[in-house]
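One structure below.
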Amino acid sequence: TDFQGNLFEGSQQLLAWADKLIEIKTICHCGRKATMVLRTDEVGNVVREGEQVEIGGNDRYTSVCRKCFKEGMANPQPGDLPL
Numbered sequence: 014t015d016f017q018g019n020l021f022e023g024s025q026q027l028l029a030w031a032d033k034l035i036e037i038k039t040i041c042h043c044g045r046k047a048t049m050v051l052r053t054d055e056v057g058n059v060v061r062e063g064e065q066v067e068i069g070g071n072d073r074y075t076s077v078c079r080k081c082f083k084e085g086m087a088n089p090q091p092g093d094l095p096l
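14 is the number of the first residue of the sequence shown in the numbering used here; add one for each residue after it.
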């Protein structure tokens, strides 16, 4: 999915026709399984609107779990996460 939680164009068809899916496991900064992606701007604020793909912007994407996605926690500060 993209930074808004939507499928990319063509993804649904690829998933429907795939004979095999290989999961690439990623961990959120909170320790949970990362299943979503947040996009941040140049100063680290979470971006919720805009073009689906930002060319050359890989440094602005963070893999996060669903909870951190909903809370918009891309780069938590000390004290933001439970102990």
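No residue lacks a Cβ here, since even glycine has one placed at the ideal position from N, Cα and C.
{"Asked": "List the residues that DSSP assigns as beta-bridge partners of Leu51.", "Found": "Thr75"}
{"Asked": "Taking buried to mean at least 16 other C-beta atoms within 10 Å of its own C-beta, is Phe82 buried or exposed?", "Found": "buried"}
{"Asked": "Evaluate the contact criterion for the segment 44-53 versus the segment 61-78: three or more CB pairs, one atom per stretch, below 8 Å.", "Found": "yes"}
{"Asked": "Can you tell me whether Arg99 is buried or exposed, with buried defined as 16 or more other CB within 10 angstroms of its CB?", "Found": "Residue 99 falls outside the range modelled here, since the chain spans only 14 to 96, and no answer is possible."}
{"Asked": "Going by beta carbon distance, what residues of the same chain come within less than 8 Å of Pro91, once the five residues before and after it are set aside?", "Found": "Since pLDDT at Pro91 reaches only 49, below the 50 mark, its modelled position is unreliable, and the value read off the structure follows with that caveat. Taken in chain order, the list of residues that qualify is empty."}
{"Asked": "Which partner residues does Ile40 have in the DSSP bridge list?", "Found": "Lys46"}
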